[in-house]
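**Student:**
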Amino acid sequence: MCSCVTMATIARATTFSLPRLCTASDCQTVSSLEWPPLEAIFHWIPFAGCLFWLGKAGRGRHTQALSLLECFMFRRPDWLASLFNRAPYVAKPAARHHGPAGYRNLYPFTLPSLGSLLHWKLAQWWRARPDHRPEMVPVTGGDPAALRANCLRSSVTWLGHASSFVQLAGQNVLIDPVLSSRASPFRHLGPKRQVPLPIDLADLPRIDLVLLTHLHYDHLDFPTLKRLAQQSGGAPDFVVPLGVARAVRAAGVPAERLVELDWWHAVQRGALRVLLTPAHHWSNRGPWGDLNKALWGGYLLEGAGLKIWYPGDTGYQAELFHEIGLHIGPVDFALLPIGAYEPRKVMRAQHVNPDEAVRIFKHVAARKAWAVHWGTFILTDEPIQQPMAELAMALREQEVSPADFMLPAIGETIWL
Numbered sequence: 110m111c112s113c114v115t116m117a118t119i120a121r122a123t124t125f126s127l128p129r130l131c132t133a134s135d136c137q138t139v140s141s142l143e144w145p146p147l148e149a150i151f152h153w154i155p156f157a158g159c160l161f162w163l164g165k166a167g168r169g170r171h172t173q174a175l176s177l178l179e180c181f182m183f184r185r186p187d188w189l190a191s192l193f194n195r196a197p198y199v200a201k202p203a204a205r206h207h208g209p210a211g212y213r214n215l216y217p218f219t220l221p222s223l224g225s226l227l228h229w230k231l232a233q234w235w236r237a238r239p240d241h242r243p244e245m246v247p248v249t250g251g252d253p254a255a256l257r258a259n260c261l262r263s264s265v266t267w268l269g270h271a272s273s274f275v276q277l278a279g280q281n282v283l284i285d286p287v288l289s290s291r292a293s294p295f296r297h298l299g300p301k302r303q304v305p306l307p308i309d310l311a312d313l314p315r316i317d318l319v320l321l322t323h324l325h326y327d328h329l330d331f332p333t334l335k336r337l338a339q340q341s342g343g344a345p346d347f348v349v350p351l352g353v354a355r356a357v358r359a360a361g362v363p364a365e366r367l368v369e370l371d372w373w374h375a376v377q378r379g380a381l382r383v384l385l386t387p388a389h390h391w392s393n394r395g396p397w398g399d400l401n402k403a404l405w406g407g408y409l410l411e412g413a414g415l416k417i418w419y420p421g422d423t424g425y426q427a428e429l430f431h432e433i434g435l436h437i438g439p440v441d442f443a444l445l446p447i448g449a450y451e452p453r454k455v456m457r458a459q460h461v462n463p464d465e466a467v468r469i470f471k472h473v474a475a476r477k478a479w480a481v482h483w484g485t486f487i488l489t490d491e492p493i494q495q496p497m498a499e500l501a502m503a504l505r506e507q508e509v510s511p512a513d514f515m516l517p518a519i520g521e522t523i524w525l
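In our numbering, the protein residues as written are 110 to 525.
1. Is the Cβ of residue 298 closer than 9 Å to any Cβ of chain C?
2. Which residues does DSSP pair with residue 515 in a beta bridge?
3. Between the Cα of residue 357 and those of 246, 286, 273, 226, spot the shortest distance and give me the residue it belongs to.
4. Which same chain residues, not among the five before or five after residue 516, have their C-beta less than 7 Å away from its C-beta?
5. Note down, in chain order, each residue of its chain lying with its Cβ closer than 8 Å to the Cβ of residue 255, except the 5 sequence neighbours on either side.
6. Within 10 angstroms of the Cβ of residue 490, are there 16 or more other Cβ atoms? Answer buried if so, exposed if not.
7. In the structure shown, what three-state DSSP assignment does residue 447 receive?
8. Given residue 428, which residues of its chain have a CB within under 7 Å of its CB, disregarding the five upstream and five downstream residues?
9. Unbroken beta strand (DSSP E) runs of length 3 or more, entirely within the segment 223-303: which are they?
10. What does residue 369 pair with, by DSSP beta-bridge criteria?
11. Counting Cβ pairs closer than 8 Å, one from the segment 258-272 and one from the segment 466-476, do we hit at least three?
12. Tell me residue 528's beta-bridge partners as DSSP assigns them.
13. Do the segment 377-390 and the segment 406-423 touch if we need at least three Cβ pairs shorter than 8 Å?
14. Near residue 411, what residues of its chain come up, given a Cβ to Cβ distance below 6 Å and the 5 sequence neighbours on each side ignored?
15. Return the CA-CA distance between residue 372 and residue 272, expressed in angstroms with no decimal places.
16. Three or more C-beta pairs under 8 Å: does that hold for the segment 243-254 against the segment 457-468?
17. In three-state terms, what does DSSP make of residue 377?
18. Of the choices 316, 330, 366, whose alpha-carbon is the least far from that of residue 322?
19. Flag this pair as yes or no: are the beta carbons of residue 442 and residue 525 separated by less than 9 Å?
20. Count the other CB atoms within 10 Å of the CB of residue 520; is the residue buried (16 or more) or exposed (fewer)?
21. Based on the DSSP secondary-structure assignment, which residues constitute the bridge partners of residue 382?
22. Label residue 342 either buried or exposed according to how many other C-beta atoms from any shown protein chain fall within 10 Å of its C-beta, with 16 as the threshold for buried.
23. Please report the residue range of the beta strand (DSSP E) in which residue 320 lies.
24. What residue range does the beta strand (DSSP E) around residue 522 cover?
25. Is residue 300 buried or exposed, if buried means 16 or more other CB atoms sit within 10 Å of its CB?
26. What are the boundary residues of the alpha helix (DSSP H) that residue 498 is part of?
27. What three-state label does DSSP hand residue 189 in the structure shown?
28. Please report the residue range of the alpha helix (DSSP H) in which residue 211 lies.
29. Taking the alpha-carbon of residue 92 as reference, which of 407, 362, 355 has the nearest alpha-carbon?
30. Can you tell me which of 253, 280, 475, 337 puts its alpha carbon nearest to the alpha carbon of residue 289?
31. Between the C-alpha atoms of residue 262 and residue 433, what's the straight-line distance to the nearest angstrom?
32. Given a cut-off of 9 Å on the beta-carbon distance, is the pair residue 474 and residue 438 in contact?
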């Protein structure tokens with residue numbers, strides 16, 4: 110914001126009761142090379158068919174073919190990791206969330222089966238299309254001039270979906286910036302932005318720090334990261350969960366600007382402290398056997414006498430958020446996801462719905478909160494405007510004031 114601190118000034122720290130960190134002698138690298146089992150080959154025959162169809166499909170079927178392709182990317186054999194060597198992983202037996210072949214959640218988590226995913230995607234073809242009304246999503250152009258002039262006050266600006274701009278303790282911080290027209294690896298395919306981008310990156314103040322929660326395309330966007338890496342005066346510093354730095358470096362971010370964190374580990378940047386908190390989710394980037402080879406999480410930002418928390422993508426586990434609340438609560442301001450939750454059979458373990466978001470609000474004893482992760486991209490089955498009505502209902506049922514858990518406009522700024 111008003112000054113630039115290089116990554117050399119960031120000091121690593123641990124907090125609370127952490128498991129013993131493994132040493133070089135008791136860590137094991139998971140990188141054995143094996144030929145694919147026969148069932149894995151049969152698993153990939155439909156995947157190859159989707160690739161073929163994607164090339165041959167008529168204009169109206171590209172999105173459907175891509176959706177099927179996503180199913181096989183989601184549930185693919187892990188032996189590709191060793192064949193392509195795209196996602197090295199080091200197991201740390203002392204940490205409960207470090208599994209033998211990838212990171213894992215603290216509470217039971219089962220990925221949807223390939224069959225349930227295919228049933229969901231294929232059903233979208235013959236089912237009536239949801240009545241998406243993006244014109245109902247509130248959007249404002251914001252006040253980038255005020256943000257550029259600000260050096261003293263703390264503020265949060267919602268840029269749409271999971272992307273937020275935070276000014277705290279003398280730092281300009283971007284969280285999960287996805288400022289492109291699509292949340293996708295493809296320029297002309299995949300989830301398209303349904304509402305205008307409220308503030309372009311060029312209109313924001315110079316970015317000091319970028320926080321990324323995990324690898325998914327609606328949270329980590331290569332075109333946006335490339336722009337940040339090339340910003341005037343040098344790339345900002347990046348804080349990411351374990352295993353995510355590899356992808357960020359591929360976007361052109363210098364290695365010396367990157368620091369990786371495990372859950373409950375923190376970094377200090379000037380007067381701002383950033384802590385990585387656990388989440389109930391999963392990770393992958395592409396069909397390379399990288400399933401859960403990179404960690405996921407949320408961030409607590411502490412500075413200027415304030416605590417701002419964003420949990421990242423997460424399913425609801427009462428025990429997990431009770432524990433998080435004991436460690437970090439009360440929170441002054443929370444950015445809580447409320448969208449991308451239908452069908453619940455597929456999404457329950459990985460994305461909270463509005464009712465669960467309000468429960469999390471209570472777990473961390475948040476003073477104020479904004480509803481985010483909705484109204485920007487069509488990722489799941491609920492109409493894009495539906496989270497608004499469901500949040501209002503959840504607030505009434507749980508006796509939380511809408512003045513405390515607020516529904517912001519995309520582009521809106523709150524001064525804390």
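A virtual CB, placed ideally from N, CA and C, is assigned to each residue, including glycine.
Keep in mind that this is a model prediction, so the values were computed, not measured.
**Tutor:** Inspection of the coordinates gives the following:
1. The chain inventory of the structure shown lacks chain C, comprising one protein chain alone.
2. Walking along the sequence shown from the start, residue 515 turns up at place 406. In DSSP, residue 515 forms a bridge with 479.
3. Position 248 of the sequence shown, counted from the first residue, corresponds to residue 357. Residue nearest to residue 357 within the set 246, 286, 273, 226 is 286 (criterion: CA-CA distance).
4. As a first step, residue 516 is located in the sequence shown; it is residue number 407 there, counting from the start. So the qualifying residues of the chain are 480, 497, 500.
5. Here residue 255 refers to the residue found at position 146 when the sequence shown is read from its first residue. Same-chain partners within the cutoff: 522.
6. Along the sequence shown, one-based indexing puts residue 490 at 381. Label assigned to residue 490: buried.
7. Within the sequence shown, residue 447 is the residue found at index 338, counting from 1. Of the three classes helix, strand and coil, the one that applies to residue 447 here is coil, per DSSP.
8. In the sequence shown, the residue the question calls residue 428 occupies position 319. Closer than 7 Å at Cβ, skipping near neighbours: 216.
9. 264-269, 272-277, 280-284
10. For the purposes of this step, residue 369 is taken as residue 260 along the sequence shown, with counting starting at 1. The partner list for residue 369 (beta bridge, DSSP) reads 349.
11. no
12. Any question about residue 528 goes unanswered here, given that the chain covers just 110 to 525.
13. yes
14. For this step, residue 411 is matched to residue 302 along the sequence shown. Closer than 6 Å at the Cβ level, and outside the excluded window around residue 411, lie 382.
15. Mapped onto the sequence shown, residue 372 falls at position 263. Mapped onto the sequence shown, residue 272 falls at position 163. For residue 372 and residue 272, the distance between alpha carbons rounds to 21 Å.
16. No: fewer than three Cβ pairs fall under 8 Å.
17. To locate residue 377, count along the sequence shown from 1; it is residue 268. If DSSP states are grouped into helix, strand and coil, residue 377 belongs with the strands.
18. The count along the sequence shown starts at 1 and reaches residue 322 at position 213. Checking every option, the nearest Cα to that of residue 322 belongs to 330.
19. Within the sequence shown, residue 442 is the residue found at index 333, counting from 1. Within the sequence shown, residue 525 is the residue found at index 416, counting from 1. Yes.
20. Here the question's residue 520 lines up with position 411 in the sequence shown. The residue is buried, with at least 16 neighbouring Cβ atoms inside 10 Å.
21. Numbered from its first residue, the sequence shown carries residue 382 at position 273. Residue 382 is bridged to 377, 411.
22. Taking the first residue of the sequence shown as 1, we reach residue 342 at position 233. Burial call: exposed.
23. As a first step, residue 320 is located in the sequence shown; it is residue number 211 there, counting from the start. Here the beta strand (DSSP E) through residue 320 covers 318-320.
24. Here residue 522 refers to the residue found at position 413 of the sequence shown. That run of the beta strand (DSSP E) goes 522-524.
25. Here residue 300 corresponds to residue number 191 of the sequence shown, with the count starting at 1. Its Cβ being crowded by 16 or more others within 10 Å, residue 300 is buried.
26. The sequence position of residue 498 within the sequence shown is 389, counting from 1. Run containing residue 498: 495-506, per the alpha helix (DSSP H) assignment.
27. Indexing the sequence shown from 1 puts residue 189 at position 80. Low per-residue confidence applies at residue 189: pLDDT is 42, beneath 50, and the placement is therefore not dependable enough to give any value.
28. Position 102 of the sequence shown, counted from the start, is the residue given in the question as residue 211. If you look at residue 211, you'll find it isn't in any alpha helix (DSSP H); DSSP assigns it neither H nor E.
29. Outside the shown range of the chain, which is 110 to 525, sits residue 92, and nothing can be said about it.
30. Taking the sequence shown and counting its residues from 1, the one referred to as residue 289 is at position 180. With distances taken between Cα atoms, residue 289 lies closest to 337.
31. On the sequence shown, residue 262 is found 153 positions in, with the first residue counted as 1. On the sequence shown, residue 433 is found 324 positions in, with the first residue counted as 1. If I take the Cα positions, the gap works out to 27 Å.
32. Walking along the sequence shown from the start, residue 474 turns up at place 365. Walking along the sequence shown from the start, residue 438 turns up at place 329. Taking 9 Å as the Cβ cut-off, residue 474 and residue 438 qualify as a contacting pair.
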